[in-house]
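Protein chains in written order, with my numbering: chain A, 20 to 289; chain B, 8 to 158. For each residue, glycine too, the CB sits at the ideal point set by N, CA and C. In this text the structure is predicted, and so the values were computed from the model without any measurement. To start, the structure itself, in structure tokens.
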Amino acid sequence: MSKPSSGQHVLLSIVARLGHQVNDALQRLGFATRFFIMLLACSGQSFRRLNLTIREIYFSGFQSLLIIMVSGLFIGMVLGMQGYETLQRYGSADALGVLVALSLVRELGPVVAALLFASRAGSSITAEIGLMKATEQLTAMDMMAVNPIARVVAPRFWGGVISMPLLAALFSATGVFGGYLIGVVFIGVDEGAFWSQMQASVDFRYDVWSGIVKSFVFGVAVSLIAVFEGYDAVPTAEGVSSSIKGTVVKSALAILALDFVLTSFMFRET
Amino acid sequence: MSRKLLDLWVGFFVALGLASVLFLALKVGNLSSANFAESYLLTAKFVNIGGLKVRAPVKSAGVVVGRVAEVHFDPETYEAVVTFSIDGRYRFPKDTFALILTAGLLGEQYIGLDPGGDEKMLKAGDVIAKTQSAVVLEKLISQFMFNKASE
Numbered sequence: 020m021s022k023p024s025s026g027q028h029v030l031l032s033i034v035a036r037l038g039h040q041v042n043d044a045l046q047r048l049g050f051a052t053r054f055f056i057m058l059l060a061c062s063g064q065s066f067r068r069l070n071l072t073i074r075e076i077y078f079s080g081f082q083s084l085l086i087i088m089v090s091g092l093f094i095g096m097v098l099g100m101q102g103y104e105t106l107q108r109y110g111s112a113d114a115l116g117v118l119v120a121l122s123l124v125r126e127l128g129p130v131v132a133a134l135l136f137a138s139r140a141g142s143s144i145t146a147e148i149g150l151m152k153a154t155e156q157l158t159a160m161d162m163m164a165v166n167p168i169a170r171v172v173a174p175r176f177w178g179g180v181i182s183m184p185l186l187a188a189l190f191s192a193t194g195v196f197g198g199y200l201i202g203v204v205f206i207g208v209d210e211g212a213f214w215s216q217m218q219a220s221v222d223f224r225y226d227v228w229s230g231i232v233k234s235f236v237f238g239v240a241v242s243l244i245a246v247f248e249g250y251d252a253v254p255t256a257e258g259v260s261s262s263i264k265g266t267v268v269k270s271a272l273a274i275l276a277l278d279f280v281l282t283s284f285m286f287r288e289t
Numbered sequence: 008m009s010r011k012l013l014d015l016w017v018g019f020f021v022a023l024g025l026a027s028v029l030f031l032a033l034k035v036g037n038l039s040s041a042n043f044a045e046s047y048l049l050t051a052k053f054v055n056i057g058g059l060k061v062r063a064p065v066k067s068a069g070v071v072v073g074r075v076a077e078v079h080f081d082p083e084t085y086e087a088v089v090t091f092s093i094d095g096r097y098r099f100p101k102d103t104f105a106l107i108l109t110a111g112l113l114g115e116q117y118i119g120l121d122p123g124g125d126e127k128m129l130k131a132g133d134v135i136a137k138t139q140s141a142v143v144l145e146k147l148i149s150q151f152m153f154n155k156a157s158e
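Here it is in structure tokens:
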């Protein structure tokens with residue numbers, strides 16, 4: 020084989036770099052899948068000490084209450100104002116309740132709550148686990164025959180999965196209240212029409228239930244990304260910080276992409 | 008933080024979450040009003056259903072008594088076959104008239120039931136014989152034009 024010229028050499032190194040990146044990504048994906056299976060397998064063990072999971076529900080669920088409720092209220096109020104502005108042009112301001120409730124229950128509630136949850140709770144979970152890894156606490160646990168996945172990872176994962184649907188429902192409920200506040204109390208849309216039209220068009224199984232299912236799926240995705248990024252962090256200060264960034268970015272992308280897939284399955288016109 | 012206080016706050020959080028699910032189900036959604044405990048299916052054939060969709064309301068005297076369950080096309084008679092479920096509390100006579108109506112000028116379409124005077128009642132799975140199709144605007148206009156032209 021003749022010696023490659025410099026042009027060929029550059030081309031080969033670009034192809035090699037591409038191959039390296041694809042290999043790397045596949046390896047990480049495989050590791051993440053094995054990690055998820057391991058996490059599910061260790062869940063029974065961690066549920067035997069339920070107070071660990073309850074602690075995590077406190078940290079990721081209860082402590083996110085304020086941000087979720089305040090954001091929900093403001094989003095509902097903005098929807099009320101903007102919706103009224105558009106609807107009154109067509110003389111159908113009475114349908115304001117429908118607009119606010121449907122957009123919150125179907126889309127905004129689960130999606131925005133999950134985005135807030137990823138940046139509020141997901142990032143702190145990643146930071147905590149990543150730092151534990153960097154200071155070799157996870158290794159120390161392993162040495163003492165304590166499974167770090169059952170002791171540290173699984174409670175945080177399940178805490179997130181349980182908190183997420185509750186937070187999304189709270190977000191939607193405060194949002195509807197915000198829409199009511201602006202629409203009925205400040206602008207003066209008829210209160211009876213607001214609630215009755217809302218109840219006539221929002222179906223429990225079709226709209227509310229699919230919103231809850233959505234938020235459950237987002238909860239699994241965000242919690243898994245958060246614990247995996249922390250567990251897989253490079254154990255340095257720089258590695259932990261890049262893992263936290265990874266959690267927020269990947270969670271946001273996963274939420275939006277999953278939302279598209281779920282919506283296209285759930286709300287197909289028959 | 009002590010275990011007791013932790014339990015208290017988590018319990019508070021979970022209760023608040025469940026309360027908002029309940030609020031969404033009962034106050035925002037229609038779980039309370041449209042929860043037909045027992046319902047039965049009726050079928051009606053229409054020449055044209057216009058824009059009628061699945062889950063459109065079925066009303067009698069303006070009150071919602073059911074929902075459209077299924078719409079499909081009959082390839083033999085070239086008609087639309089609409090199946091709808093009716094709240095089990097209500098019975099309608101055999102000669103009930105089914106019409107496709109529009110709520111307001113641009114509103115959604117729904118099925119209106121006009122009860123007849125027959126003593127026999129419709130049973131589950133029965134087919135309503137007398138129907139009136141949706142009003143198609145183009146047909147209405149062309150009819151009007153022909154009438155004007157023949158004058």
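- Fully enclosed beta strand (DSSP E) runs of no fewer than 3 residues are not present anywhere in the segment 167-212 of chain A.
- Under the DSSP assignment, A/Leu-59 falls in the alpha helix (DSSP H) whose first and last residues are 25-66.
- Annotation: Cβ neighbours of A/Tyr-77 in chain B (cutoff 7 Å, chain order): Leu-13, Trp-16 and Val-17.
- Here A/Ala-212 is actually not in contact with A/Ile-244; their C-beta atoms are around 43 Å apart, not less than 8 Å.
- The way I'd put it, the segment 146-160 of chain A does touch the segment 255-264 of chain A; three or more beta-carbon pairs between them come closer than 8 Å.
- At least 8 Å separates the beta-carbon of A/Ala-137 from that of A/Val-203.
- Contact between the segment 160-169 of chain A and the segment 112-124 of chain A is absent: fewer than three C-beta pairs spanning the two stretches fall below 8 Å.
- At a cut-off of 8 Å between beta carbons, B/Asn-154 makes no contact with chain A.
- Under the Cβ criterion of 8 Å, A/Ser-191 is counted among the residues facing chain B.
- Taking a C-beta distance under 8 Å as the contact criterion, B/Lys-60 and B/Thr-138 do not qualify as a contact pair.
- Annotated as proximal: B/Val-88 and B/Thr-50, with beta-carbon spacing under 8 Å.
- With a threshold of 8 Å between beta carbons, A/Ala-120 makes contact with chain B.
- Along the length of the segment 9-78 of chain B, whole beta strand (DSSP E) runs at least 3 residues long occupy 46-53 and 64-67, reported in chain order.
- Under a criterion of Cβ atoms nearer than 8 Å, no residue of chain B is adjacent to A/Val-239; the nearest Cβ is some 17 Å distant.
- Put simply, the segment 231-241 of chain A does not touch the segment 100-107 of chain A. Fewer than three CB pairs are less than 8 Å apart.
- If you compare the alpha carbons of B/Ser-27, B/Leu-31, B/Val-28 and B/Val-54 with that of B/Glu-83, the shortest gap goes to B/Val-54.
- Of all residues in the segment 51-71 of chain B, only Lys-60, Val-61, Arg-62, Pro-64 and Val-71 place a beta-carbon less than 9 Å from a beta-carbon of chain A.
- Shown here, B/Met-152 sits in a helix according to DSSP, grouped into three states.
- Under the 8 Å Cβ criterion, the segment 177-191 of chain A does not count as touching the segment 272-286 of chain A, having fewer than three qualifying pairs.
- Secondary structure of B/Phe-99 (DSSP, three-state): coil.
- Rounded to whole angstroms, the Cβ separation of A/Leu-186 and B/Gly-24 is 7 Å, and the two are in contact under 8 Å.
- Per DSSP, the beta bridge partners of B/Gln-139 are B/Leu-106.
- According to the DSSP secondary-structure assignment, B/Thr-90 is paired through a beta bridge with B/Thr-50 and B/Glu-77.
- When rounded, the separation of the alpha-carbon atoms in B/Glu-145 and B/Lys-155 is 15 Å.
- Not a single CB atom of chain A sits nearer than 8 Å to the CB of B/Leu-129.
- Here the alpha carbons of A/Ser-79 and B/Asp-14 stand approximately 14 Å from one another.
- Chain A places no beta carbon closer than 8 Å to that of B/Val-88, leaving this residue out of the contacts.
- Using a Cβ-Cβ cut-off of 8 Å, A/Leu-186 counts as an interface residue toward chain B, since at least one Cβ of chain B sits closer than that to its own.
- Using a CB distance cut-off of 8 Å, B/Ala-105 does not count as an interface residue toward chain A.
- By the beta-carbon neighbour count (other beta carbons within 10 angstroms, threshold 16), A/Gly-198 is buried.
- Inclusion of B/Val-78 and B/Ile-93 in the CB contact set at 8 Å is not warranted, their separation being larger than that value.
- Membership of A/Asp-278 in the alpha helix (DSSP H) is indicated by the continuous run 256-285.
- Note: B/Gly-119 is bridge-paired with B/Lys-66 and B/Leu-106 in the DSSP secondary-structure output.
- Leaving aside the five residues that flank A/Pro-254 on each side, the residues in its chain whose CB is nearer than 7 Å to its CB run, in chain order, Lys-152 and Ala-153.
- When the Cα atoms are used, B/Gly-132 and A/Leu-48 turn out to be separated by approximately 53 Å.
- Annotation: A/Met-217 to A/Ser-191 spans about 14 Å, alpha carbon to alpha carbon.
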